[in-house]
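S.K.: Protein chains in written order, with our numbering: chain A, 19 to 227; chain V, 19 to 227; chain G, 19 to 227; chain E, 19 to 227.
1) Just verifying my parser: in three-state terms, what is the DSSP assignment at residue 173 (chain V)?
2) Quick one: which chain G residues come within Cβ less than 7 Å of residue 181 (chain V)?
3) Against chain G, with Cβ distances strictly below 8 Å, would residue 76 (chain E) count as a contact?
4) Buried or exposed for residue 220 (chain V), please, with buried defined as at least 16 other CB atoms from any protein chain shown within 10 angstroms of its CB.
5) DSSP three-state call for residue 52 (chain V): helix, strand or coil?
6) Please tell me whether residue 160 (chain V) and residue 203 (chain V) are closer than 8 Å, where the distance is taken between their beta carbons.
7) Which class does residue 186 (chain G) belong to by DSSP, given the choice of helix, strand or coil?
8) State the start and end residues of the unbroken alpha helix (DSSP H) segment that holds residue 117 (chain A).
9) Within 8 Å (strictly less), CB to CB, does residue 152 (chain G) reach chain V?
10) Got a sec: which bits of the region 43–55 of chain A sit with their beta carbon under 9 Å from any beta carbon on chain E, in order along the chain?
11) Label residue 83 (chain A) either buried or exposed according to how many other C-beta atoms from any shown protein chain fall within 10 Å of its C-beta, with 16 as the threshold for buried.
12) What are the boundary residues of the alpha helix (DSSP H) that residue 137 (chain G) is part of?
13) With burial defined as no fewer than 16 other Cβ atoms inside 10 Å of the residue's Cβ, what is the status of residue 130 (chain A): buried or exposed?
14) At a CB-CB cut-off below 8 Å, which residues of chain A make contact with residue 178 (chain E)?
15) Counting C-beta neighbours from all protein chains within 10 Å, is the total for residue 199 (chain V) 16 or more, i.e. buried, or is it exposed?
16) Does residue 35 (chain E) get closer than 8 Å to chain G when you measure Cβ to Cβ?
17) How big is the Cα-Cα spacing for residue 182 (chain E) and residue 101 (chain E)?
18) Three or more beta-carbon pairs under 8 Å between the region 163–170 of chain V and the region 131–139 of chain V, yes or no?
19) With 8 Å as the threshold, decide whether the Cβ of residue 220 (chain V) is near any Cβ in chain A.
20) If I follow the unbroken alpha helix (DSSP H) through residue 28 (chain G), where does it start and stop?
21) For chain G, find out if any of its Cβ atoms is closer than 8 Å to the Cβ of residue 101 (chain E); answer yes or no.
22) My assumption, with CB atoms under 8 Å, is that residue 138 (chain A) sits in contact with residue 78 (chain A). Please give the rounded CB distance.
23) So the candidates are E:103, E:96, E:193; which of them puts its Cα closest to the Cα of residue 20 (chain E)?
24) Would you kindly work out how many angstroms separate the C-alpha atoms of residue 123 (chain G) and residue 142 (chain A), rounded to a whole number?
25) Interface residues of chain G around residue 59 (chain E) at Cβ under 7 Å?
26) Where do the ends of the alpha helix (DSSP H) carrying residue 80 (chain E) lie?
27) How big is the Cα-Cα spacing for residue 114 (chain A) and residue 75 (chain A)?
28) Is there contact between the region 144–158 of chain A and the region 63–75 of chain V, where contact requires at least three CB pairs shorter than 8 Å?
29) Between the region 84–97 of chain G and chain E, which residues of the former have CB atoms less than 9 Å from a CB of the latter, in chain order?
30) Could you tell me the boundaries of the alpha helix (DSSP H) in which residue 164 (chain E) lies?
31) When DSSP labels each residue in this structure, what does residue 63 (chain V) get in the three-state scheme?
32) Looking at C-alpha atoms only, which residue of A:94, A:53, A:44, A:46 is the closest neighbour of residue 22 (chain A)?
33) Spatial neighbours of residue 185 (chain V) within its chain, please: CB distance less than 8 Å, with the 5 preceding and 5 following residues excluded, ordered by chain position.
34) Please return the same chain residues whose Cβ sits closer than 6 Å to the Cβ of residue 128 (chain A), not counting the five positions on each side in sequence.
35) Specify whether the region 46–55 of chain A and the region 49–60 of chain V touch according to this definition: at least 3 beta carbon pairs, one from each stretch, less than 8 Å apart.
Laid out in structure tokens, this is it:
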């Protein structure tokens, strides 16, 4: 089975997810001022929650894409289970534009923020399932297992999402801070996998087609 | 002719089909509650038919993608007939978002459910035509023919769609149960093709680019 | 320069063009009938011009995709001129969803039909320009020139579009018949290029990656 | 790490950006005239600002795509920093449809024109950051550095955007002229990189897969 096509399809879906979120930014109406006007600039101000939620989700989807990129790089054989574990992950990611629109349109209200956290949580779980599926297929000498090790980042993220959802019972802002913190944590791409791959394939040059 | 490009184009179309369906999930309005509120969570309840129809169609399109992935893997030469049989399949799949929106917005009313079944039926027929086109091109030693054999799954699906459409004369729920059953039947990816390919290409390692 | 990426980008744009046209099919409202009702089925009837225009444009874009596929197959070197001639073609194709919506929403009224023909005409011209750019780059032994020869199909199409646009001064239906005729003409993929390629690369097996 | 996937993802995002802009062109209503009517053709006239802004942005995004194409061609190793510098560039490009809709719907009003220039400015800066990230990774013998040299085009563009934004305090038209000028400047693809690559890889034939 061909890894290239699995990557291409995932790239397509993720590219569309990331781009349709921008459709939520509706162009505001401007006055008939003939020069740059502060009033018109301020018409953008109403868009800030939509814009901020777009940035947050863009970073999240970007993180998933880069880590997915690294993880699939270790895959040597694409099985049916990997295909479906991947489709399961893409399903939860495909809900990100919906919850992003929901928090943006409602100024980060607590209920949408909790549901946003829930979708992130499910995506994180789906990512872990995909990871385990690949490791199981690779057997005892799994490159991915060696790279991921205890996966504390994955565990901390899940904990943060859970705490974040619960925090919405008190204040949506704590949840927001937690979600941003998890994003920060992952912004550093998963060098563990990069390192393991290099250990196993000393000549990275050969990697480049 | 280049198989890669046929796959890339199909992946693009299928990725867009799968993702634009999520645009039907319109973010509901929330109250001004300052903490997580049950009333706001219940505003999601009105979305359930849209959400359920999204899941069903996501699974269906996912099934088509994985089986298409396996089937095209056996193609060694892309002819004009294969290109058009493939475009014909993509045409019917491109109508899935439309019928999905229709059943979702009308709470699985019988008429949309019958038309939904009709589109699934036509996609199944288009898939069979593509399969036959590839087998015909591969000649007597066709890997795909050996893999597909009697294709009972394809025949059962077509029968289920036909019965499902007729059932809408009585109740849309029976049709729904039938459509879900067919999806279940296919969720197990087409291992027949995987097996045949492995028989013909013993070293799967060599498959990976 | 890398041909693969030119193909991938074109595939992406064409896949999106083909798929966003289906967004024009808005799901109609259904009655509360509990079983399949003829009245509800008839609510689809109002969609027929949108649906027919979708089929016509789908076939047109499909034709462009298959012929583009064959033409780019002869390209050995991607120059800046080829990149921009290709972007120019994609520009006119990107207007197809707009004119398709226009003719569909207005029941093939003569003015939209004329503009539809104009966009098809410009796309045909852009395709010819791309063809000439590739031939010019390939020099005297151009595989593409040998394949295309006098390009009577291209010339007949341009003539049909021009006559079709003029016909809208009398009746939009004649234009419609002409546009369908051109589509029919091209539905047979450009075997000339397939033949020339096979003459130059006797072992097609080697083509498959 | 695999360059192909970085290209495929960027192609996907750019293809979607370029195509969703066309959704702003809403099909106007036509009269019931039975033949081609001047009045109906004039209904297109109201679309001219949307159409002109679409052309401008199409050219801009096309320029980014071709230059990105050339630049990534020099990349031999994809690091985490390159992935994120690329996502940063795609972020600013993803805002192009939004500002394009804004200037189109408001007839190139000065405030939207200033914000349009700001997004172009940020995209240019993001492109420069990506360029520097690649050069830094390539080390002292960087092919890209040799190709880009003093990058006067990049510097002139940034200056034009800045002046353009300021001009909106006086007149949006000067800004428009400046933005068009920058587009003209870049329409000629970055042959510097093409030349450097050929110097380093004398047999371009070998480039083609």
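For every residue, glycine included, the Cβ atom is placed at its ideal position computed from N, Cα and C.
Owing to the predicted nature of the structure, the values given are computational and were not obtained by experimental measurement.
M.R.: In short, the structure shows the following:
1) Of the three classes helix, strand and coil, the one that applies to residue 173 (chain V) here is helix, per DSSP.
2) Listed along the chain, the chain G residues whose CB falls inside 7 Å of the CB of residue 181 (chain V) amount to none; the nearest CB is some 13 Å away.
3) Output row for residue 76 (chain E): interface = yes.
4) The predicted model places residue 220 (chain V) with a pLDDT of 48, which falls under 50 and marks its position as unreliable; any figure quoted below should be read in that light. By the neighbour-count rule (16 or more Cβ atoms within 10 Å), residue 220 (chain V) is not buried but exposed.
5) In the three-state reduction of the DSSP assignment, residue 52 (chain V) falls in the coil class.
6) No. Outside cutoff.
7) Shown here, residue 186 (chain G) sits in coil according to DSSP, grouped into three states, outside any helix or strand.
8) First-last of the alpha helix (DSSP H) with residue 117 (chain A): 114–123.
9) In terms of beta-carbon proximity, residue 152 (chain G) stays away from the interface with chain V, with every pair separated by 8 Å or more.
10) Here the close residues are 43, 44, 45, 46, 47, 48, 49, 50, 51, 52, 53, 54, 55.
11) Here residue 83 (chain A) is buried. Its C-beta has 16 or more other C-beta atoms within 10 Å.
12) Segment 128–156, the alpha helix (DSSP H) holding residue 137 (chain G).
13) It is buried - the Cβ of residue 130 (chain A) has at least 16 other Cβ atoms within 10 Å.
14) The premise fails here: residue 178 (chain E) is roughly 17 Å from chain A at the closest Cβ pair, so nothing lies under 8 Å.
15) Its Cβ having fewer than 16 others within 10 Å, residue 199 (chain V) is exposed.
16) No, its Cβ sits nowhere closer than 8 Å to a Cβ of chain G.
17) Taking the straight line joining both Cα atoms gives about 31 Å.
18) Short answer: they don't touch.
19) In this prediction, residue 220 (chain V) has a pLDDT of 48, which is less than 50 and means its spatial position is unreliable; what the coordinates show is noted afterwards. Taking CB atoms only, residue 220 (chain V) has no neighbour in chain A less than 8 Å away.
20) From DSSP, the alpha helix (DSSP H) with residue 28 (chain G) extends over 21–38.
21) No, residue 101 (chain E) lies away from the interface with chain G (no Cβ there is under 8 Å from its Cβ).
22) Contact between residue 138 (chain A) and residue 78 (chain A) holds: their C-beta atoms lie close to 7 Å from each other, under 8 Å.
23) Considering only alpha carbons, the answer is E:96.
24) Roughly 44 Å separates the two Cα atoms.
25) Within 7 Å Cβ-Cβ: 129.
26) Residue 80 (chain E) -> alpha helix (DSSP H) spans 66–91.
27) Those two C-alpha atoms are separated by around 7 Å.
28) The answer is no - the region 63–75 of chain V does not touch the region 144–158 of chain A, with fewer than three Cβ pairs under 8 Å.
29) Those residues of the region 84–97 of chain G that come within reach of chain E (Cβ to Cβ, closer than 9 Å) are 93, 94, 95, 96, 97.
30) Here the alpha helix (DSSP H) through residue 164 (chain E) covers 161–166.
31) Look at residue 63 (chain V) here: in three-state DSSP terms it is helix.
32) Considering only alpha carbons, the answer is A:94.
33) Correct list, in chain order: 192, 193, 196.
34) Listed in chain order, the non-local C-beta contacts of residue 128 (chain A) below 6 Å within the same chain comprise 186, 190, local neighbours out to five positions each way being set aside.
35) No contact exists between the region 46–55 of chain A and the region 49–60 of chain V.
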